[in-house]
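Trainee: Quick note: the first sequence uses this note's numbering, first residue 143, plus one each step. Beta carbons are placed, not taken as given, at the ideal position from N, Cα and C, and that holds for glycine. I'd like to ask some things about the structure below.
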Amino acid sequence: MEILDSLNPEQQEAVTKTDGYLLVLAGAGSGKTRVLTYKIAWLIEHKKVKSWDILAVTFTNKAAAEMKDRIEKLIGEVAKQVWMGTFHSFCARLLRRYGELLGYSRNFTIYDADDSKNLIKKIIKDKGLEIKIPPKGIAGKISKAKNNFILPDKYPIYDFQSNRIKEIYKLYQEALKSNNAMDFDDLLLNACKVFQESKEALGRFSFKYILVDEYQDTNKVQYELLKLLSKKYGNLTVVGDEDQSIYGFRGADIGNILHFEKDFPQIHIVRLEENYRSTQTILKAASAVVSNNKFRIGKELWTNNETGNKLSLYTARNANEEARKVVEVIKKYKRPLKDFTVLYRTNAQSRVIEEALRRENMPYIIVGGIRFYERKEIKDILAYLRVLMNPDDNISLARIINTPLRGIGPKTRRFLEDYAKKERVPIYFALKKVNKIKKIILRKQKVLKKFFKLMENHRCKLGKPAKLIENILNETGYLDMLREEEAIEAESRIENLNELIAGAGEYETLEDFIESVSLLTNIDEWDETQTRVTLMTTHNAKGLEFPIVFIAGLEEGLFPHSSSFYDEAELEEERRLFHVGLTRAKERVYLSYAQSRRGYSFCLPSRFIDEIPADTLEMSEELLPADFIEKMHADSHPAHRMGGTHRFNRR
DNA sequence: AGAAAGGTGATTTTT
DNA sequence: TCACCTTTCT
143 MEILDSLNPE QQEAVTKTDG YLLVLAGAGS GKTRVLTYKI AWLIEHKKVK
193 SWDILAVTFT NKAAAEMKDR IEKLIGEVAK QVWMGTFHSF CARLLRRYGE
243 LLGYSRNFTI YDADDSKNLI KKIIKDKGLE IKIPPKGIAG KISKAKNNFI
293 LPDKYPIYDF QSNRIKEIYK LYQEALKSNN AMDFDDLLLN ACKVFQESKE
343 ALGRFSFKYI LVDEYQDTNK VQYELLKLLS KKYGNLTVVG DEDQSIYGFR
393 GADIGNILHF EKDFPQIHIV RLEENYRSTQ TILKAASAVV SNNKFRIGKE
443 LWTNNETGNK LSLYTARNAN EEARKVVEVI KKYKRPLKDF TVLYRTNAQS
493 RVIEEALRRE NMPYIIVGGI RFYERKEIKD ILAYLRVLMN PDDNISLARI
543 INTPLRGIGP KTRRFLEDYA KKERVPIYFA LKKVNKIKKI ILRKQKVLKK
593 FFKLMENHRC KLGKPAKLIE NILNETGYLD MLREEEAIEA ESRIENLNEL
643 IAGAGEYETL EDFIESVSLL TNIDEWDETQ TRVTLMTTHN AKGLEFPIVF
693 IAGLEEGLFP HSSSFYDEAE LEEERRLFHV GLTRAKERVY LSYAQSRRGY
743 SFCLPSRFID EIPADTLEMS EELLPADFIE KMHADSHPAH RMGGTHRFNR
793 R
């Protein structure tokens with residue numbers, strides 16, 4: 143069969159072993175995407191499986207689209223009917239259909255982190271609760287609980303704080319429901335609930351063959367979903383690499399891959415250990431680093447690629463100098479800019495690098511950070527759309543009721559809310575009854591009525607999303623508001639809105655548009671045909687490859703991040719993250735750290751640098767004299783971001 | 001009562 | 001750099 147010809151024996155085994163439970167341990171650059179695409183092609187072409195009987199779950203929408211594309215090239219149009227997407231998009235589709243079983247209507251809104259935060263804030267304020275943890279932190283704790291299948295009633299209480307969180311968690315879930323909204327975690331959790339409660343739903347979504355990419359980053363709920371979905375036919379292929387598990391903070395459970403053998407009967411395991419991406423040197427360095435981890439299955443990656451150059455390490459005096467050095471090296475190469483990526487641990491680091499690139503007129507693109515759809519003006523307009531689709535969505539309504547300014551301040555809103563609560567209607571419908579709310583003066587009533595009428599006009603006849611956005615921008619005065627602003631940023635906001643309209647043009651219905659916008663991932667917006675230097679966090683780089691990779695900010699406390707110092711498991715995750723960074727590179731790796739950064743001086747180089755074998759690493763020419771470094775270490779007060787891990791072991 | 005202006009503190013990673 | 005809070009102005 144020609145499909146198999148271009149695959150190595152292990153890859154062939156992973157492709158042709160179609161029945162039963164299969165775990166493919168695929169090291170970085172070992173061609174796992176290739177295996178998945180070919181496997182789906184093999185199923186359809188050779189095993190005559192109907193394409194709609196196959197479900198493939200990927201980590202990003204982009205990965206799904208690409209895979210679909212590649213399968214189509216292999217076997218043609220039939221590939222179009224394979225169910226492909228992220229866990230979240232799959233669950234959303236299921237819940238549009240079966241959410242009613244849980245008391246949701248099909249037009250429910252998907253809340254992002256910002257919406258969740260606002261909702262929690264509102265709950266705390268309304269109830270006058272006292273709690274020291276900021277809303278974002280509470281959202282994090284609730285999310286963690288959800289990812290571990292802990293419902294509000296089961297939330298453990300061990301002190302005053304946790305008791306409060308439990309209370310807020312409960313109220314939060316109730317509020318979500320009355321807003322007809324789900325957060326990201328609910329999508330997974332509720333999908334599970336649907337399957338547990340409805341045989342019909344489970345039957346309809348039990349695929350004959352299920353394939354999962356990036357399995358090491360699944361959480362308990364996703365794991366449970368897979369168990370439910372694969373039960374009927376028992377054909378499940380998961381592909382993953384425990385050394386690339388980097389999403390523990392959002393509930394990803396590395397145990398899912400470490401214990402896969404125990405949990406699924408008669409499991410078959412295939413290891414892909416040949417790396418097709420990197421040089422021998424890069425691979426050696428990366429393997430040595432990650433071998434310091436205890437929580438791993440362990441594998442030996444090897445490659446037939448050439449030895450290649452050593453990794454370089456550059457010591458900068460500060461973040462600016464580090465950024466300048468990065469740009470200088472890129473310039474020296476005289477290669478297409480798309481060959482380069484600069485990786486960092488935190489989004490905040492991008493700024494200095496951006497500035498340095500801009501100074502040299504070098505075009506760049508940032509993946510992640512403040513995302514397009516998270517910008518204020520975009521979220522405002524989306525809030526209009528969401529209220530039109532789902533009038534129960536009070537959080538979105540709160541966003542727009544006085545944007546642009548209509549003179550509806552906190553007081554008036556309070557009255558509206560009180561009425562809505564008393565009459566048990568959504569706030570949106572309280573707008574219809576403003577004349578019944580005596581507390582609101584006549585002049586304000588008029589304004590509210592006007593706003594309501596405007597919304598209702600659109601709600602009755604929802605046209606195509608692009609046109610709808612245009613109308614809203616004009617009729618609400620949002621565009622005028624921006625035009626009147628003197629600030630330069632108003633102009634870029636208008637540009638962004640035009641971009642939004644252009645983006646919406648690709649969708650026929652408002653539902654489709656909102657859904658895909660809500661479930662977009664960072665990397666989905668990245669276009670690899672672009673011609674610029676790519677800047678992103680190491681997290682976002684997963685699954686990508688570049689000829690030349692820079693990893694900046696390799697300081698103790700930053701990478702590894704100080705928050706991981708006290709927890710061995712978290713420290714190992716940082717190490718895996720670094721390993722992911724290294725293995726993105728095909729040809730060359732440049733590492734750097736700064737001795738001082740945003741108010742911190744005497745930063746120590748990352749311990750991960752020490753873990754790179756000496757014969758694969760060289761110091762960049764501008765290294766400071768050794769005695770200077772020694773003195774610096776002796777003088778330093780490591781307490782600031784060292785978390786007590788005193789280390790003076792530099793050569 | 002609502003808007004604008006001014007000051008302050010905090011910044012891990014993300015579906 | 002930005003989001004959030006307080007103070008001051010209309």
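So, helix, strand or coil for His-188, using DSSP?
Mentor: coil
Trainee: Let's see if you can read the secondary structure: which residues bound the beta strand (DSSP E) around Met-226?
Mentor: 225-228
Trainee: Do Ala-205 and Ile-182 have their CB atoms nearer than 9 Å?
Mentor: no
Trainee: Alpha carbon to alpha carbon, how far is Asp-666 from Lys-288? Give it in angstroms, no decimals.
Mentor: Approximately 25 Å, taken between the alpha carbons.
Trainee: Quick one: what's got a C-beta closer than 8 Å to His-230's C-beta in the same chain, skipping five residues either side?
Mentor: Phe-326, Leu-329, Leu-330 and Leu-661
Trainee: Under 7 Å Cβ to Cβ from Leu-185, same chain only, skipping five residues before and after it: list those, please.
Mentor: Thr-160, Val-191, Ile-196 and Tyr-351
Trainee: My assumption, with CB atoms under 8 Å, is that Gly-171 sits in contact with Arg-392. Please give the rounded CB distance.
Mentor: About 25 Å separates the two Cβ atoms, so there is no contact after all.
Trainee: Given this structure, state the Cα-to-Cα distance separating Leu-367 from Thr-488, to the nearest angstrom.
Mentor: 31 Å
Trainee: Considering just the uninterrupted stretch of the alpha helix (DSSP H) at Gly-397, what are its terminal residues?
Mentor: 397-400
Trainee: Evaluate contact between the region 626-642 and the region 455-472, counting only Cβ atoms and requiring at least three cross-stretch pairs below 8 Å.
Mentor: no
Trainee: Closest by CA to Ala-234, which one among Val-224, Thr-251, Glu-219 and Lys-222?
Mentor: Thr-251
Trainee: Might you give, ordered along the chain, the residues of its own chain that have their beta carbon closer than 7 Å to the beta carbon of Lys-259, omitting 5 neighbours on each side?
Mentor: Pro-277, Lys-278 and Ala-281
Trainee: What is the DSSP secondary structure of Thr-618, counted as helix, strand or coil?
Mentor: In this structure, Thr-618 counts as coil in the three-state DSSP scheme.
Trainee: Give the list of continuous beta strand (DSSP E) stretches no shorter than 3 residues that lie fully inside the region 622-700.
Mentor: 675-679 and 688-693
Trainee: Answer yes or no: do Leu-443 and Gly-169 have a C-beta to C-beta separation smaller than 9 Å?
Mentor: yes
Trainee: Is Arg-459 helix, strand or coil when you go by DSSP?
Mentor: strand
Trainee: Locate the alpha helix (DSSP H) running through Phe-291, then write down its first and last residues.
Mentor: Unbroken run through Phe-291: none, as it is neither H nor E.
Trainee: From which residue to which residue does the beta strand (DSSP E) around Ala-198 run?
Mentor: 196-200
Trainee: Given this structure, state the Cα-to-Cα distance separating Glu-502 from Tyr-649, to the nearest angstrom.
Mentor: Rounded to whole angstroms, Glu-502 to Tyr-649 spans 39 Å at the Cα level.
Trainee: If you run the structure through DSSP and keep just helix, strand and coil, what is Asp-147?
Mentor: coil
Trainee: Which of the three DSSP states is assigned to Asp-325 in this structure?
Mentor: strand
Trainee: Please classify Thr-160: does DSSP put it in a helix, a strand, or coil?
Mentor: DSSP places Thr-160 outside both helix and strand once states are collapsed to three, so it counts as coil.
Trainee: Just to confirm, are Ala-683 and Arg-726 a CB contact at a threshold of 9 Å?
Mentor: yes
Trainee: Taking just the CA atoms, how far does Glu-497 sit from Lys-269?
Mentor: Glu-497 has its alpha-carbon roughly 45 Å from the corresponding atom of Lys-269.
Trainee: Would you list, in sequence order, the uninterrupted alpha helix (DSSP H) runs of no fewer than 4 residues that lie entirely inside the region 535-593?
Mentor: 536-542, 552-565 and 569-572
Trainee: Closer than 6 Å by C-beta to Tyr-456: which residues in its own chain qualify, once you throw out the five before and the five after it? Chain order, please.
Mentor: Non-local C-beta neighbours of Tyr-456 in its own chain, meaning closer than 6 Å and more than five positions away in sequence, comprise Lys-467, Ser-734 and Ser-762, ordered along the chain.
Trainee: Which same chain residues end up closer than 6 Å to Arg-493 when comparing Cβ atoms and leaving out the 5 residues on each side of it in sequence?
Mentor: none
Trainee: Compute the distance between the beta-carbons of Arg-739 and Leu-700, then report whether it is under 9 Å.
Mentor: yes
Trainee: Helix, strand or coil for Phe-720 per DSSP?
Mentor: helix
Trainee: So is Lys-580 buried or exposed if we call it buried at 16+ other beta carbons inside 10 Å?
Mentor: exposed
Trainee: Go to Thr-379, then tell me how far its beta strand (DSSP E) extends in each direction, as first and last residue.
Mentor: 378-382
Trainee: Could you pull out every residue in the same chain whose Cβ sits closer than 8 Å to the Cβ of Leu-370, ignoring the five residues on either side in sequence?
Mentor: Cys-334, Phe-337, Gln-338 and Leu-344
Trainee: Would the beta-carbon of Ile-543 fall within 9 Å of that of Ile-537?
Mentor: no
Trainee: Taking Leu-527 as part of the alpha helix (DSSP H), name the residues at either end of that continuous run.
Mentor: 518-531
Trainee: Go ahead and pull the three-state DSSP assignment for Arg-238.
Mentor: helix
Trainee: Can you have a look at His-703 and say buried or exposed, based on whether 16 or more other CB atoms are within 10 angstroms of its CB?
Mentor: buried
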